[in-house]
Each structure stands twice: as structure tokens, then as C-alpha cells.
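The structure appears below as C-alpha cells.
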Amino acid sequence: EAGVVQSPRYKIIEKKQPVAFWCNPISGHNTLYWYRQNLGQGPELLIRYENEEAVDDSQLPKDRFSAERLKGVDSTLKIQPAELGDSAVYLCASSFGLTNTEAFFGQGTRLTVV
Amino acid sequence: AQSVTQLDSQVPVFEEAPVELRCNYSSSVSVYLFWYVQYPNQGLQLLLKYLSGSTLVKGINGFEAEFNKSQTSFHLRKPSVHISDTAEYFCAVLTSGNTPLVFGKGTRLSVIA
Numbered sequence: 001e002a003g004v005v006q007s008p009r010y011k012i013i014e015k016k017q018p019v020a021f022w023c024n025p026i027s028g029h030n031t032l033y034w035y036r037q038n039l040g041q042g043p044e045l046l047i048r049y050e051n052e053e054a055v056d057d058s059q060l061p062k063d064r065f066s067a068e069r070l071k072g073v074d075s076t077l078k079i080q081p082a083e084l085g086d087s088a089v090y091l092c093a094s095s096f097g098l099t100n101t102e103a104f105f106g107q108g109t110r111l112t113v114v
Numbered sequence: 115a116q117s118v119t120q121l122d123s124q125v126p127v128f129e130e131a132p133v134e135l136r137c138n139y140s141s142s143v144s145v146y147l148f149w150y151v152q153y154p155n156q157g158l159q160l161l162l163k164y165l166s167g168s169t170l171v172k173g174i175n176g177f178e179a180e181f182n183k184s185q186t187s188f189h190l191r192k193p194s195v196h197i198s199d200t201a202e203y204f205c206a207v208l209t210s211g212n213t214p215l216v217f218g219k220g221t222r223l224s225v226i227a
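For the protein sequence lines, the chains are A and B, in the order given. Counting from 1, one number per residue, gives the positions in the first sequence under this note's numbering. Counting from 115, one number per residue, gives the positions in the second sequence under this note's numbering.
Dropping the structure here:
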């Protein structure tokens, strides 16, 4: 069974440019998460989807970040415009069911804003 | 709201020595507890989890953890570490209901030959 797939693995962009990350969750997993992991820190939730509905986006900086999960499967996270402080690893995870007892993580996208 | 404190940011240990990585949580409701491992440039992999039942939980790669409700702790242990255990370890808590995982800041385990 394929795990959570993210692309790209690495991205370097100049500040003020847009960037997008893509995530394909494990088949059948209805819950999808985007986490941001700053250097030397634990992951912090940005947004959580139950199917195609965003059920928790309180930590998403909505002035520059947006996300979508069309058809309740793949998801895209976008930053526009990027700032230097957005440099981090962006992790996607998925889980099955409402109790969310175990989340499976992708390898992440390492974003560097210069 | 729940929170997780990992008391040690870095733990160096010699190969074949035992190790304990400490984790304390704060929550006013019942919790599920997890330990994840992150190897360099990789995502997070689940080591073990406590949902209910026996407070001693065994996971992959010889790791185990003990849930202590009175001390609100979930420390991770391994009796004999290997070089390949060098990684970042994250403790995480999940409360019952429709809530996401909350992670600690991580502990970097460095195994020295």
C-alpha cells in the first residue's frame, strides 16, 4: 500500500513569489492534515480536512496561505506571496475515521525562501 | 487545551547503553499518546501509541513507553540503543473527540559509537 505522497520534496523560491505543495493521502483516508515544522521544532497544525471540508483552519495564516481538497482526496497548500519566515518543512498526513487515532505522514516538502 | 513538554532537547548516549526520553502532557480530559520518530530529511514514523489498556506499550525497533496518569507522563525507553536510532523523537497527544495531534518540540537522540 502506498503511503502519503508529497511533492515536491524540496523547493527554493525568492520572497514574494508564490509556491504550491501537493499531497496525495493514503487511499480511503478521509482526514487530511497539513502541518508546518520549523527548524528544531515539532510539527504544528495548519489545517485539517474531513473529506473536502476544512474543519480546523484556525492556525492557517489566511492572508497568504490557502488550501483546498477538491473531491476529498488530493490536497494543495499554497503560499502567496512567500516570506522569509515561511521557510520550513511542510508535512501532509492522513488518517481514517473520525477518532483519528493514528496519522500517517508523508516525507514533507522543505521550503527555503531566499 | 492539551500540550506536550519534552524535557530534553538533546540526548547523547553511547551505543548499547539504555536511554529514556521524557515526555509530559497536560490535558483536562482523557488522552491518547504517541511517539513518532523522524530520521533526517524524512517524514514522521509512528513508534508506538497508547490508546487504552495496559500502561506499558511496546513499539517497533525495541522501543517501549509507559503511560503514567498520576504523573501525566509517557516516557520512551530502549534498553540498548544502536547507531541507527540516531534521530529526532516526538511525543504527541490526542484528546478523545475530533481533535488533531499536538506535538512536543522533539528530542534529538544521538548515539555515539
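C-beta atoms are modelled at their ideal positions from N, C-alpha and C, and glycine is treated no differently. Small disclaimer: the values here were computed from a predicted structure and weren't measured.
Item: Where B:Thr169 and B:Phe188 are concerned, what is the direct C-alpha to C-alpha distance, given to the nearest angstrom?; Value: 9 Å
Item: Let me know if B:Val151 comes out buried or exposed under the rule of 16 or more other beta-carbons within 10 Å of its beta-carbon.; Value: buried
Item: Under 8 Å by Cβ, that's how I've got B:Gln124 and B:Ser198 pegged, so tell me the actual separation to the nearest angstrom.; Value: Contact doesn't hold; Cβ gap of about 18 Å is too wide.
Item: According to DSSP, is B:Asn175 helix, strand or coil?; Value: helix
Item: Can you grab the Cα-Cα spacing for the pair A:Pro126 / A:Thr109, in whole Å?; Value: Residue numbering for chain A in the displayed model covers 1 to 114; residue 126 of chain A lies beyond these limits and cannot be assessed.
Item: Please decide whether A:Gly106 counts as near chain B, where near means a Cβ-Cβ distance under 8 Å.; Value: yes
Item: Relative to chain B, which residues along the region 31-50 of chain A have a C-beta separation below 7 Å, given in chain order?; Value: Tyr33, Gln41, Gly42, Pro43, Leu45 and Arg48
Item: Using a threshold of 8 Å, state whether the C-beta atoms of A:Phe21 and A:Gln41 are closer than that.; Value: no
Item: Check whether the region 46-56 of chain A touches the region 136-154 of chain B, counting contact only when three or more Cβ pairs, one atom from each stretch, lie closer than 8 Å.; Value: no
Item: What separation, rounded to the nearest whole angstrom, lies between the Cα atoms of A:Glu68 and B:Thr213?; Value: 20 Å
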